[in-house]
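Beneath this line is the structure, given in structure tokens, with notes to follow.
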Amino acid sequence: MRRILIIGAGQAGLQLALTLLGHGGYDVTVMTAQTPEEILNGRITSTQCMFFPALQIERDAGLNHWEEPAPWIEGQRVTLAGPGGQRLLETYGIWDAPAQSVDQRIKMSGWLERVEKAGGRVVLHPVVTSDLEALSRMYDLTLIAAGKGALVELFDRDPSRSPYDAPQRNLAAIYVHGVRPYPPHPTPHVRINAVPGVGETYLMPALTRSGVCDAVLVEAVPGGPFDVFGDRRISPDEHLRRLQALYAQWAPWEHELYVEARPTDEFATLYGGYAPVVRRPVGTVGDRHVLGMGDVVVLNDPGCGQGANNAAHCASIYHKAIVEHGDRPFTPEWMHRTFERYWEYSQWATALTNTMIGPLPEHVQQILGVASMDDETARRFARGYAVPPSLADWFFDPEKAGAYLATRMPQSAG
Ligand SMILES: Cc1cc2nc3c(=O)[nH]c(=O)nc-3n(C[C@H](O)[C@H](O)[C@H](O)COP(=O)(O)OP(=O)(O)OC[C@H]3O[C@@H](n4cnc5c(N)ncnc54)[C@H](O)[C@@H]3O)c2cc1C
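This is the structure in structure tokens:
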């Protein structure tokens, strides 16, 4: 039996642990800092909108325990708003299949409990870097899936893949009950409001401890008018009041839908801000090597909702690579190769996010403009969030984007 150590109990670590246990032939240990009860009763960690390809990975592995009660999310609406609270344009793209968001407090506590039931071992211990050399000697492979925690110090930033060195947004999330559906289109969908130079808000239907809710994320350009949640000690009620005030000024069509909103629970808020970064995937501890996964190696701004999806793809790709590798040693070369397989996917999620949180290139503004008049372009743009590699051959390059747009709006091209 191959001995595998996974440090961290999030989407990346737990999905990999459970899929290896499901495969059989692996002795899996998960080390993490919190019990399932602490996770379940703790603070929200994400808004975790999982697109259909990531959901399919979970279904194929039998990990879709909350599929029934979680609401379907049909597509995404993007409303571009002007500085005076006016709607400049709106696009609505339906995905090939629905997305879903399950509060990670429910999902990770449930999955962590399942690790032991599936024959794995859970060790409650906040690992520090100095533990790792001795620990990794006891295993054939050690994976670091510890999110944004201190263990990232083992992995150097890769400047060639990391265009930003400071946070591009300060984020503030809250889960609420009682938000009304969008009147012209009550089908559950992600509602994105973007004010150029100021920030974005995202609303997505989700499943939390008290049932179906909406998870609302504000992405504020640091120091700008959306950046009003930074004093961190505000209550969920005060958070909601500030959110409502933002909507009243910047997106009044949303404000009226929040009149009866209330926070889902006392830990239903989250604040932060971090620089997006891609790290080199192999860490060295003494004469041993460890492999990073999930947010440890590819940390995107949450703006385009890619991180948990990336983590799911990462765990799936690493799982396949581990199984294919059979009994051979997990060398640093194998680790680099395995990460590059994952980067083939995640480079597009990263490029999408980094594009959308920067000043919007002119050709992307044109794409949004055409998408507001043409359902097929809106669908293609929305699909890029769910299947980022689908953007590779048209979205990032002004000429290729122009060539595509000319097929949709021939009269407006050139
Ligand atoms: C506000 C917000 C909204 C988001 N919305 C979305 C979205 O809509 N869609 C999307 O795809 N992504 C979204 N994301 C990103 C997504 O949540 C993360 O990218 C994803 O959860 C990362 O998974 P992970 O397993 O790599 O890390 P994590 O989920 O961070 O898990 C890390 C685990 O490691 C444990 N740990 C940390 N340090 C140690 C240690 N030293 N020893 C032991 N254990 C340790 C932690 O307790 C935790 O269990 C959002 C993020 C934020 C902050």
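Each residue of the sequence shown is one higher than the last, beginning at 1 in the numbering used here. Glycine included, each C-beta is placed from N, C-alpha and C at the ideal position. Source: prediction; values computed, not measured.
{"Item": "Under 8 Å: do the stretch 314 to 328 and the stretch 9 to 26 share three or more Cβ pairs, one atom per stretch?", "Value": "yes"}
{"Item": "So, at 6 Å on beta carbons, what are the nonlocal neighbours of Arg2 in its own chain, with the 5 sequence-adjacent residues on each side left out?", "Value": "Tyr26 and Asp140"}
{"Item": "Would you mind reading off the limits of the alpha helix (DSSP H) that contains Glu333?", "Value": "Pro332 to Ile357"}
{"Item": "Count the other CB atoms, across all protein chains shown, that sit within 10 Å of the CB of Val296; report buried if there are 16 or more and exposed otherwise.", "Value": "buried"}
{"Item": "In the structure shown, what three-state DSSP assignment does Asp27 receive?", "Value": "strand"}
{"Item": "Less than 9 Å between the beta carbons of Ala9 and Ser101, yes or no?", "Value": "no"}
{"Item": "In or out: Trp250 buried (at least 16 other Cβ within 10 Å) or exposed?", "Value": "buried"}
{"Item": "Since I believe Thr129 is in contact with Val290 (beta carbons under 8 Å), could you give me their beta-carbon distance rounded to a whole number of angstroms?", "Value": "At roughly 10 Å, the Cβ-Cβ gap does not stay under 8 Å, so Val290 and Thr129 are not in contact."}
{"Item": "Just to confirm my understanding: we take Pro398, look at its own chain, exclude 5 residues before and 5 after, and list those with CB closer than 6 Å. What are they?", "Value": "His363"}
{"Item": "Any idea which residues DSSP pairs Ser101 with across the strands?", "Value": "Cys49"}
{"Item": "Please name the residue or residues paired with Cys213 in a DSSP beta bridge.", "Value": "Ala206"}
{"Item": "Cutting at 7 Å between CB atoms, please list the residues of its own chain near Val277, excluding the five before and the five after it.", "Value": "Arg157, Ser162 and Leu299"}
{"Item": "If contacts are defined as beta-carbon pairs under 8 Å, then Ile39 and Ser109 qualify, I think. What distance do you get, rounded to the angstrom?", "Value": "4 Å"}
{"Item": "Say yes only if the C-beta of Ala61 is nearer than 8 Å to one or more non-hydrogen atoms of ligand 1, and no if none qualify.", "Value": "no"}
{"Item": "Quick one: Cα of Trp95 to Cα of Val285, how far?", "Value": "43 Å"}
{"Item": "Select from Gly384, Ala401, Tyr345 and Pro252 the residue whose C-alpha is nearest the C-alpha of Pro83.", "Value": "Pro252"}
{"Item": "Hey, Val282 and Leu20: beta-carbon distance below 9 Å or not?", "Value": "no"}
{"Item": "By DSSP's criteria, Tyr92 is part of a beta bridge. Which residues make up the other side?", "Value": "Arg77"}
{"Item": "Using a threshold of 8 Å, is the CB atom of Gln100 nearer than that to any non-hydrogen atom of ligand 1?", "Value": "no"}
{"Item": "Does DSSP put Ala33 in a helix, a strand or coil?", "Value": "coil"}
{"Item": "Taking the alpha carbon of Pro69 as the reference point, which residue from Glu333, Cys213 and Pro359 has its own alpha carbon closest?", "Value": "Cys213"}
{"Item": "Once DSSP output is grouped into helix, strand and coil, what is the label at Leu55?", "Value": "helix"}
{"Item": "In whole angstroms, give me the CA-to-CA distance for Phe229 and Ala382.", "Value": "29 Å"}
{"Item": "Does the distance between the C-beta of Ser46 and the nearest non-hydrogen atom of ligand 1 fall short of 8 Å?", "Value": "yes"}
{"Item": "What residue range is occupied by the uninterrupted beta strand (DSSP E) comprising Val179?", "Value": "Looking at the DSSP string, Val179 is not in any beta strand (DSSP E), and its letter there is neither H nor E."}
{"Item": "Would you check whether ligand 1 has a heavy atom nearer than 8 Å to the C-beta of Ala17?", "Value": "no"}
{"Item": "Which residues in the same chain have their Cβ closer than 8 Å to the Cβ of Leu391, if we skip the five residues on either side of it in sequence?", "Value": "Trp348, Ala351, Leu352 and Gly384"}
{"Item": "Using 8 Å as the Cβ pair cut-off and three pairs as the minimum, do the stretch 328 to 346 and the stretch 73 to 88 touch?", "Value": "no"}
{"Item": "Which residue or residues does DSSP assign as beta-bridge partners of Leu63?", "Value": "Paired residue(s): none; Leu63 is not in a bridge."}
{"Item": "Taking only three categories from DSSP, how would you classify Ile192?", "Value": "strand"}
{"Item": "Which residue's Cα is closest to the Cα of Thr29: Ser46, Trp66, Tyr175 and Val122?", "Value": "Val122"}
{"Item": "If I follow the unbroken beta strand (DSSP E) through Val122, where does it start and stop?", "Value": "Arg121 to Leu124"}
{"Item": "Between Pro196 and Pro236, what straight-line distance do the alpha-carbon atoms span, to the nearest angstrom?", "Value": "27 Å"}
{"Item": "Anyone know if the C-beta pair for Gly93 and Ala371 falls short of 9 Å?", "Value": "yes"}
{"Item": "Could you tell me the alpha carbon to alpha carbon distance between Val190 and Tyr182, rounded to whole angstroms?", "Value": "10 Å"}
{"Item": "I'd like to know whether the C-beta atoms of Cys304 and Ile357 end up nearer to each other than 9 Å.", "Value": "yes"}
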